[in-house]
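This report concerns only the one structure given below.
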Amino acid sequence: MDENFDDSTSLTQEVSVADRMAAEALIVDVDGYEGPLDILLTLSRTQKVDLRKISILDLAQQYLLFIDQAKTLRIELAADYLVMAAWLTFLKSRLLLPLDPTEDGPSGAELAAHLAFQLERLQAMRESAAKLMARDRLGRDIFARGIPEKVARVKNVTYTASLLDLMQAYARLRTRDEFRPFTMDRDAVFTMEEALGRMRGLIGYALDWTDIASYLPDGWGADPARRRSATASTFAASLELAKEGKVEIRQSDTFAPIHLRKRDVS
Amino acid sequence: MTEPDFPQEESLFEAPPIAEQERMVEAILFASAEPVPVRELNSRMPHGCDAAEALVHLRKRYEGRGVHVVKVGDAWALRTAADLSFLMKKETIETRKLSRAAIETLAIIAYHQPVSRAEIEEIRGVSVSRGTLDQLLEMEWIRFGRRRMSPGRPITFIVTEGFLDHFGLENARDLPGLKELRSAGLLDNRPPPGAEALADSEDSDDEDQSEMFEE
Amino acid sequence: MTEPDFPQEESLFEAPPIAEQERMVEAILFASAEPVPVRELNSRMPHGCDAAEALVHLRKRYEGRGVHVVKVGDAWALRTAADLSFLMKKETIETRKLSRAAIETLAIIAYHQPVSRAEIEEIRGVSVSRGTLDQLLEMEWIRFGRRRMSPGRPITFIVTEGFLDHFGLENARDLPGLKELRSAGLLDNRPPPGAEALADSEDSDDEDQSEMFEE
C-alpha cells in the first residue's frame, strides 16, 4: 500500500494518450460492464502491472475521467457508478493531502489498500471461474451411465402385536354383549298404530255390537303381558275410531265387556 | 475434447492398440442410452478400429464380474449380472400395528383353537374377510388345523409355533383366562351369559381350549 | 433373491468374500447414473459387507480403463474417462449457457462457502439478481446452507454434490487453485476499513471454506 501511495505522489494530472484511448473504448459499451468494480478492474489492466502493485491513485484518476467522458457523451450512468466516482474523489483527496492526525476514520492508504484487495479478489474469482468451467465436465467430457437400472423400492411391512393387544382384543370381544346399547324390548308390545290398522280393516263387518276383546290379534291372548298390551292398544284404537265417528261404543256396567259397532254414516 | 481429426481415407495413422479400442468400446457401451450395434461402434471409433475384436476382449474382461457384456439383438450392452439382481432392490421395512379385525381374529383362534371360520364369525359378530385370514397365514401366526367331523367338515385354524414365539408363550394354554383378564382390569364386567354356551358349542372330540375359561 | 434380514447382532452368516463384495459394488454403481453414498451401498449389500473396502479394490481395477470409479463427496459413481470424450458426441448434453454473472456467482459460492448474498455482492461489486441465484439453485449446483448467527441471520449458500459431480471434484477442497488463493489471503473475509460491524458478521462457529482447508 506504500507503493500505491508513493506512485500517487509522482502522478501528474495529465493522463497519457493511451489511457485516454482505453477509456474511450470503454465508453462504447458501458452496458457490458457489471458495475464500477468491473470497470475499475478493466481500467487497472491499462497499468500493465501486477494488481498488487497497482496505483490506486492512477486508477481513481482514470475512473473519474471515464465518468466525465460518459457525461460529456450524455451516457446515462447508473447511480452506483456515480457513488463510486464520489468515493474515489474522496479517496483521491485523502491520498494526496498530508495525513491529518485529528481526522477520524481510516487513512487514505488503508482505503486504497482495501480497494486493491477487492480488485485482486474479483480478478482471482474470475480466473477461478474460468478454470472451473474449463474442467472436464459431466455431460460434456465425462459421462454417466446411459442405461441406469431402476432400483425397485420394496416396502416390507411387518405387522406387530403385543400380548396385551391380543388379550385386550379378546376381552373386548367377550364383553361386547354386555354393552348392548339400550333399546326397548318390544316383543310383548302391540302398538296402538298396529291396533288401529287392524281394526280399520275389521270394523266394516261390525254391523252388530261386538266385544272389543274379539278384535285382539291371534296369538296375543295367551301370554298375559302380550294380552295386556294388545287389550290396551285395541281399547285406545276403539276410542280413536269413536272420536273419528266411525264406531259407537257402549259398556253396560263397570268392568262389563266393552262393545262396539260400526256407525252408519247417514 | 480433442477430435480424431484423421479422415477416413487417410491410412497414415495406425489404428489405436486393441487395449485402447477396448477402452473405447467400454466407454461407449457404458454411456449409451441403448444397446449399440457393432457398425455404430466402428463409426464412432477412430478409423481402422475393429469394434468386434475389441468386444471379444471386453466381454472376456467382464466375465465373472458384477456386470456383463451382453448381446441384445444385433447390438451390445452392459448389464448387471443376473445373480446380483437382488441388489437392485431397496428394501424398506415398515412396522405396522395389526388391524383390529386381524388381532381379534387372531385372539379368537388363540383362545378357541381349533376353530372354524364360521365360529370366528359367530364370536366376532361380523364376517371374517379372506384377506384377514390370509394375512395371519402369511405371517405364519396361524395355520390350518384338522377338519371338523361335523357336517360340511369345515377346516379349522390353530396358532403356530411362530405365534407362540412372538408372544412369548410356551403353549396356547398359557394365554391368560377370562378370570385373569378380569383381575388384570381388562374385563371389568361379569362374564357374559353366552360365554359358557359358546364353550359348549365346541366339538367334544376335539382337544379344545374351552376348559381354559371354566371358572 | 434372499434378503439379508438377519439382525445386526447375528454373526451366524459370514459376509461374502471381498471379491464378491467388489462385484456387488460394481453392479450397483453400474446401475446408477447418480453417485451412490457408501451408506446406501452397505444397506443394499448383505449384512457384514464393507463397501468402502470393496470400493478400494474396484477403483484400482478400473484404473486406466474406459470407465473410472470416482468419488463425489461421500458418494461413488462410475464415469467415462475424460480422454474418451471425443467418442461421446452423441451423448453430449447441451447445458444451458450460464451468464457471466452466474458463472462468477457460482465460483464465489464454491470458493467462499458458506457465503451470504451480501458477501457475494461485496465481492462482485454489484447486486446479485434473484434470477442468477434461482438458476443455480434450479440446476442443483448450489443450495441453502445454514443461517449466519450474525444480525439479520442471513441465509448462506453452499455448493452441492451435483456441483462436485458435474465438475469432477471429489470434494470442495479440490477446487482448482484453492490453496494458492488461500495463502494469498484472497479468501479472507476482509472488511472494508472502518466497518467493524461487518467483521462481526462472520460466524465463529461456522465451518466455512477457509477453515475447511486449514492444514
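Protein chains in written order, with this note's numbering: chain W, 1453 to 1718; chain B, -9 to 205; chain Z, -9 to 205. Ideal placement from N, C-alpha and C gives every residue a C-beta, glycine not left out.
For this session: With a cut-off of 8 Å on the beta carbons, I'd call W/Leu1547 and W/Gly1557 a contact; round off their distance for me.
Result: The Cβ separation is near 14 Å, so there is no contact.
Exercise. Where does Z/His156 sit, in a helix, a strand or coil, going by DSSP?
Worked result: helix
Exercise. According to the neighbour-count rule (16 or more other Cβ atoms, all chains shown, within 10 Å of its Cβ), is Z/Ala44 buried or exposed?
Worked result: buried
Exercise. Can you list, in chain order, the residues of the segment 13 to 38 of chain B whose Cβ is nearer than 8 Å to any Cβ on chain Z?
Worked result: Arg13, Met14, Val15, Glu16, Ala17, Ile18, Phe20, Ala21, Ser22, Ala23, Arg34 and Met35
Exercise. Based on the DSSP output, what are the partners of B/Gln11 in its beta bridges?
Worked result: DSSP lists no partner for B/Gln11.
Exercise. Using a beta-carbon distance below 7 Å, is Z/Glu94 in contact with chain W?
Worked result: yes
Exercise. Helix, strand or coil: how does DSSP classify W/Phe1642 here?
Worked result: coil
Exercise. Using a Cβ-Cβ cut-off of 7 Å (strictly less than) and excluding sequence neighbours within five positions of Z/Glu(-1), which residues of its own chain qualify?
Worked result: Since pLDDT at Z/Glu(-1) reaches only 45, below the 50 mark, its modelled position is unreliable, and the value read off the structure follows with that caveat. Within the same chain, Z/Glu(-1) has no close Cβ partners at all.
Exercise. My guess is that Z/Val15 and Z/Leu48 are in contact by the Cβ rule of under 8 Å, so how many angstroms apart are they, rounded?
Worked result: 5 Å
Exercise. Any idea if W/Thr1524 is buried or exposed, counting beta-carbon neighbours within 10 angstroms, 16 or more meaning buried?
Worked result: exposed
Problem set entry | Between the CA atoms of Z/Glu111 and B/Glu30 - distance to the nearest angstrom | 50 Å
For this session: Under 8 Å between beta-carbons, which chain W residues line up against B/Gly158? List them in chain order, please.
Result: Leu1615
Exercise. At least one CB of chain Z closer than 7 Å to the CB of B/Val57: is that the case?
Worked result: yes
For this session: Take the Cβ of Z/Arg120 as the centre, count every other Cβ of all protein chains shown within 10 Å, and call the residue buried at 16 or more, exposed below.
Result: exposed
Exercise. Which residues of chain B have a Cβ atom closer than 8 Å to the Cβ of Z/Met78, listed in chain order?
Worked result: Ala17, Ile18 and Ala21
Exercise. Is it right to say B/Asp190 is buried, meaning 16 or more other beta carbons lie within 10 angstroms of its own, or is it exposed?
Worked result: The predicted model places B/Asp190 with a pLDDT of 36, which falls under 50 and marks its position as unreliable, so this point remains unresolved.
Exercise. Between W/Met1577 and chain Z, is there a C-beta pair that is closer than 7 Å?
Worked result: yes
Exercise. Does the Cβ-Cβ distance between Z/Phe153 and Z/Trp131 come in under 7 Å?
Worked result: yes
Exercise. Are the segment 1639 to 1646 of chain W and the segment 1616 to 1623 of chain W touching, with three or more C-beta to C-beta distances below 8 Å?
Worked result: no
Exercise. Would you call the segment 55 to 65 of chain Z and the segment 159 to 169 of chain Z in contact, with 3 or more CB pairs under 8 Å?
Worked result: yes
For this session: Note down, in chain order, every chain W residue with its Cβ under 8 Å from the Cβ of Z/Thr150.
Result: What Z/Thr150 touches in chain W: nothing, since even the nearest Cβ is about 13 Å away.
Problem set entry | Segment limits, alpha helix (DSSP H) that includes B/Gly38 | Taken as a continuous stretch (DSSP letters only), B/Gly38 belongs to no alpha helix (DSSP H), as it is neither H nor E.
For this session: Would you mind reading off the limits of the beta strand (DSSP E) that contains B/Glu81?
Result: Lys79 to Lys87
Exercise. Counting pairs of beta carbons, one from the segment 1683 to 1698 of chain W and one from the segment 1642 to 1652 of chain W, are three or more of them closer than 8 Å?
Worked result: yes
Problem set entry | Where Z/Glu111 meets chain B, residues with beta-carbon distance less than 7 Å | Simply none; closest approach about 34 Å.
Exercise. Quick one: is B/Asp195 buried, meaning 16 or more other Cβ sit within 10 Å of its Cβ, or exposed?
Worked result: Bear in mind that a pLDDT of 39 at B/Asp195, under 50, signals an unreliable position, so the number given afterwards is only what the model happens to contain. Per the 10 Å Cβ criterion, exposed.
Exercise. What residues from chain B crowd round Z/Ala67, counting only those whose CB sits closer than 9 Å?
Worked result: Chain B residues near Z/Ala67: none, gap ~11 Å exceeds 9 Å.
For this session: Give, in chain order, every unbroken run of the alpha helix (DSSP H) that is at least 4 residues long and sits entirely within the segment 99 to 146 of chain B.
Result: 107 to 114 and 120 to 128
Problem set entry | Collapsed DSSP secondary structure at Z/Asn32 in the structure displayed | helix
For this session: Below 8 Å on the Cβ atoms is my guess for W/Leu1529 versus W/Ala1522; work out the distance and round it to an integer in Å.
Result: 6 Å
Problem set entry | Residues that W/Leu1590 bridges to, as DSSP identifies them | W/Ile1594
Exercise. In chain order, what residues of the same chain lie with their CB nearer than 8 Å to the CB of W/Gln1668, ignoring the 5 residues before and after it?
Worked result: Here residue 1668 of chain W is Leu; the residue named in the question, Gln, does not match the sequence. The answer, listed in chain order, is Arg1679, Ala1682, Thr1683 and Thr1686.
Problem set entry | Near-chain B residues of the segment 1520 to 1545 of chain W - C-beta to any C-beta below 8 Å | none
Exercise. Are B/Ala70 and Z/Ala21 close, meaning C-beta to C-beta below 7 Å?
Worked result: According to the sequence shown, residue 70 of chain B is Thr rather than Ala. Against a cut-off of 7 Å, the Cβ pair of Z/Ala21 and B/Thr70 comes out as a contact.
Problem set entry | Residues that W/Met1585 contacts on chain Z, provided the C-beta gap is smaller than 7 Å | Ile93
Exercise. How would you label W/Gln1703, buried or exposed, when you count the other beta carbons within 10 angstroms and need 16 or more for buried?
Worked result: exposed
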